[in-house]
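Student: As they're listed, the protein sequences go chains L and F.
Going by our numbering, the first residue of the first sequence is number 1052, and it counts up by one from there.
Going by our numbering, the first residue of the second sequence is number 21, and it counts up by one from there.
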Amino acid sequence: MFEVLQNTADSRKEQRARTEELDDSGLVASFLDGDKRAFTVLADRYHARLLNFIYRSTGDRERAEDLVQETFIRVYRHIHRFDQTRKFSTWIYTISSNLAKNELRNRSRNPLVLFQTLKKNWDADHAPLEWEDNTYRPDDLFRKRHLRDLIEAAVEDLPEHHRVVFVLREMEGKTYEEIAEITGCNLGTVKSRLNRARNNFAQIIAPLLD
Amino acid sequence: MVAAMDCAGFLSGYSEFRDGLLPRVEAEAFDGHVASCASCARYDRVVRLGSREVAGLPPIAPSEDFMARLQHRLYTVDAERATSARAAGTSSMLVLALAALLGIAAWGPLMQPRKAVIVLPPVNAMAPQPRVEVPLLYRTGPFLTVDERDVPSAPSQGGSGTVFFRYSPLGSGSVFTTSIGEP
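The structure is reproduced here in structure tokens:
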């Protein structure tokens, strides 16, 4: 009896391991075949990346988490419509990007959200310093953290269209073609926006890096 | 031979140069311009350092209950789907039942069996002779019999109103015929 249970548990573990080894398209196919676990693996694989992407695009951490949840719900609802000849990552980033775009549009109409963003920054300013590395001197740590904050602020200051393209390229490492598909722009627009975004970014951070 | 690059050309095509998407010859022209122009060299350095800093920004981690909340929401989606499927099934059954009722109401009269109409060929028949009633006046006895079928047609002397009787008294066996109606 114990051996039977042990064998069942082992076979489940093997199946789980096999599912986790699948690539995105394999997971999608597996989920469409009825393996619910495949969707959990997909969510595990993407939730942190999407959270960072949406957070860098919108600047609001809590809201970013809600939007990542919404992204997965939309994927779950419409995965049967997904064209499996395309890249899953591009599709899920497209959904996230659209949600982030809607969020920014709504925020521009609702001044309450601005207060929430200010409050979030206030919290960060009053948080104690974390000692990441003991070999660094406090002034180095402070400088590093200050630079990081300024870089983050510089990214946030970019115009929305430029920021999304910039984040997708610089932080997510997407190709120009993928960015074009995610943002729904043509390749020329992506090149132009990325060039302008880098130019703006350089203007902002140049005094910090000299 | 590539023409000498100016700063505007450098800036407009910088992203592709930075991402290594240019052909070798064009990339060399960009490299040459960076080597010769201090301003563009500074620009290149700032973008490279900035990109490195951006890529090195610490990622934010999802909250601990993120996956649990997601699983709960997915469960809700499944439950909604099941409910809507049941509702759709029920409503489609109702629609079907209504359609069936309407169909029966509309087609019912036509579905009842019709009474067969039998058309027979006309029958040629002779009209029956008019019956002649014997007046009570002449029924004087129980032995008076009148057989109208035996009443001969009116003799030459008889006209209308002439009736012939055959009288048969009991046991006599004598039969005679007389006529009435004539004075």
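Cβ coordinates follow ideal geometry from the N, Cα and C atoms, glycine included.
As the structure is a prediction and not an experimental result, all values here were calculated from the model.
1) Are the C-beta atoms of L/E1116 and some chain F residue less than 8 Å apart?
2) Can you find a CB in chain F that lies within less than 8 Å of the CB of L/I1202?
3) Answer yes or no: do F/G70 and L/A1248 have a C-beta to C-beta separation smaller than 8 Å?
4) Please list, in chain order, all residues of the same chain as L/S1147 whose beta carbon is under 8 Å from its beta carbon, the five residues on each side excluded.
5) DSSP on L/D1200, reduced to helix/strand/coil?
6) Contact defined as beta carbons within less than 8 Å: I believe L/M1222 pairs with L/R1107. What is the distance between those atoms, to the nearest angstrom?
7) Does L/R1249 come within less than 8 Å of chain F when only Cβ atoms are used?
8) Using a Cβ-Cβ cut-off of less than 8 Å, give me the residues of the stretch 1120-1145 of chain L that come near chain F, in sequence order.
9) Residues in its own chain within less than 6 Å of L/E1232 by CB, not counting five upstream and five downstream?
10) Can you list the residues of chain L that F/I80 reaches, using a CB-CB cut of under 7 Å?
11) If I measure Cβ to Cβ from F/A105 and keep anything under 6 Å in the same chain, skipping five residues before and after, which residues do I get?
12) Is any non-hydrogen atom of the ligand GTP found closer than 7 Å to the C-beta of F/S83, if you look at the structure I gave you?
13) Along chain L, in chain order, which residues have C-beta atoms closer than 8 Å to that of F/S35?
14) Report buried or exposed for F/C27, applying the criterion of at least 16 other Cβ atoms within 10 angstroms of its Cβ.
15) For my contact list, F/A81 and L/A1115 are in at a C-beta cut-off of 8 Å; report their separation, rounded to the angstrom.
16) Assuming L/N1103 is part of the alpha helix (DSSP H), what are its boundary residues?
17) Which one of F/A120, F/S83, F/V67 and F/F30 has the shortest CA to CA distance from F/A47?
18) Rounded to whole angstroms, what's the CA-CA distance from L/E1054 to L/R1128? Just pull it up for me.
19) In the DSSP assignment, find the unbroken alpha helix (DSSP H) run with F/G128 in it and report its ends.
20) For L/P1258, tell me which candidate among F/Y63, F/A99 and F/A49 has the shortest Cα-Cα distance.
21) Since L/A1094 and F/L116 should fall inside the 8 Å C-beta cutoff, what is the C-beta to C-beta distance between them, to a whole number of angstroms?
22) Determine, using beta carbons only, whether L/E1228 and L/L1238 come nearer to each other than 8 Å.
23) For a contact meaning CB atoms closer than 7 Å, what does L/I1233 contact in chain F?
24) Report buried or exposed for L/L1180, applying the criterion of at least 16 other Cβ atoms within 10 angstroms of its Cβ.
25) Nearest-angstrom Cα distance between L/C1236 and L/F1193?
26) Do L/D1208 and L/I1255 have their C-beta atoms within less than 8 Å of each other?
27) Do you know offhand how far L/T1087's Cα is from L/Q1057's?
28) Check distances from the C-beta atoms of the stretch 47-74 of chain F to those of chain L and list, in chain order, the residues that come in under 7 Å.
29) Can you find a C-beta in chain F that's less than 8 Å from the C-beta of L/V1206?
30) Using 10 angstroms around the beta-carbon of L/D1191, count the other beta-carbons present and answer buried if the total reaches 16, otherwise exposed.
Tutor: Looking at the coordinates:
1) Counted from its first residue, the first sequence places residue 1116 of chain L at position 65. Interface residue, yes.
2) As a first step, residue 1202 of chain L is located in the first sequence; it is residue number 151 there, counting from the start. At least one chain F Cβ lies under 8 Å of L/I1202.
3) Taking the second sequence and counting its residues from 1, one reaches residue 70 of chain F at position 50. Taking the first sequence and counting its residues from 1, one reaches residue 1248 of chain L at position 197. No, these two residues do not count as a Cβ contact at 8 Å.
4) On the first sequence, residue 1147 of chain L is found 96 positions in, with the first residue counted as 1. L1101, F1104, I1105, L1118, V1119 and T1122, listed in sequence order.
5) Looking up residue 1200 of chain L in the first sequence gives position 149. Helix, per DSSP.
6) Here the question's residue 1222 of chain L lines up with position 171 in the first sequence. Here the question's residue 1107 of chain L lines up with position 56 in the first sequence. Going by Cβ atoms, the distance from L/M1222 to L/R1107 rounds to 6 Å, so yes, they are a contact pair.
7) What you label residue 1249 of chain L is simply residue 198 of the first sequence in a count that begins at 1. L/R1249 counts as touching chain F.
8) Q1120, F1123, I1124, Y1127 and R1128
9) The count along the first sequence starts at 1 and reaches residue 1232 of chain L at position 181. T1141.
10) The residue labelled residue 80 of chain F in the question sits at position 60 within the second sequence. Chain L residues near F/I80: L1102, N1103, Y1106 and R1112.
11) Locating residue 105 of chain F in the second sequence gives position 85, where the first residue counts as 1. Hits under 6 Å: none found.
12) Inclusion of the ligand GTP in the displayed structure is not the case, the ligand content being empty and no account of it being possible.
13) Stepping through the second sequence from its first residue, residue 35 of chain F is reached at position 15. Simply K1242, L1245, N1246 and R1249.
14) The residue labelled residue 27 of chain F in the question sits at position 7 within the second sequence. Per the 10 Å Cβ criterion, exposed.
15) Translated into the one-based positions of the second sequence, residue 81 of chain F becomes position 61. Translated into the one-based positions of the first sequence, residue 1115 of chain L becomes position 64. Not confirmed; about 12 Å, so no contact.
16) Reading the first sequence from its first residue, position 52 is the one you call residue 1103 of chain L. Its alpha helix (DSSP H) spans residues K1087 to T1109.
17) Numbered from its first residue, the second sequence carries residue 47 of chain F at position 27. Ranking F/A120, F/S83, F/V67 and F/F30 by Cα distance to F/A47 puts F/F30 first.
18) On the first sequence, residue 1054 of chain L is found 3 positions in, with the first residue counted as 1. On the first sequence, residue 1128 of chain L is found 77 positions in, with the first residue counted as 1. Straight-line Cα distance between these residues: approximately 40 Å.
19) The residue labelled residue 128 of chain F in the question sits at position 108 within the second sequence. F86 to M131 is the extent of the alpha helix (DSSP H) around F/G128.
20) Here residue 1258 of chain L refers to the residue found at position 207 when the first sequence is read from its first residue. It is F/Y63.
21) Within the first sequence, numbered from 1, the residue matching residue 1094 of chain L stands at position 43. Within the second sequence, numbered from 1, the residue matching residue 116 of chain F stands at position 96. The Cβ separation is near 40 Å, so there is no contact.
22) Residue mapping note: residue 1228 of chain L aligns to position 177 of the first sequence, counting from 1. Residue mapping note: residue 1238 of chain L aligns to position 187 of the first sequence, counting from 1. Yes; because the gap between Cβ atoms is below 8 Å, this pair is in contact.
23) Here residue 1233 of chain L refers to the residue found at position 182 when the first sequence is read from its first residue. Going along chain F, no residue has its Cβ under 7 Å from L/I1233, so there is no contact; the nearest lies around 17 Å.
24) For the purposes of this step, residue 1180 of chain L is taken as residue 129 along the first sequence, with counting starting at 1. Low confidence applies to L/L1180: its pLDDT is 48, below 50, so where it sits in the model is not reliable, and the reading given next is rough at best. Exposed: under 16 other Cβ atoms inside 10 Å.
25) What you label residue 1236 of chain L is simply residue 185 of the first sequence in a count that begins at 1. What you label residue 1193 of chain L is simply residue 142 of the first sequence in a count that begins at 1. Roughly 40 Å separates the two Cα atoms.
26) Residue 1208 of chain L sits at position 157 when you count from the first residue of the first sequence. Residue 1255 of chain L sits at position 204 when you count from the first residue of the first sequence. Cβ distance < 8 Å, so L/D1208 and L/I1255 count as in contact.
27) The sequence position of residue 1087 of chain L within the first sequence is 36, counting from 1. The sequence position of residue 1057 of chain L within the first sequence is 6, counting from 1. Just to set this straight, residue 1087 of chain L is Lys in the shown sequence, not Thr. Distance between the alpha carbons of L/K1087 and L/Q1057: 23 Å.
28) Y63, V66, V67, L69, G70, S71, E73 and V74
29) Along the first sequence, one-based indexing puts residue 1206 of chain L at 155. Chain F contact via Cβ: present.
30) Mapped onto the first sequence, residue 1191 of chain L falls at position 140. Exposed: under 16 other Cβ atoms inside 10 Å.
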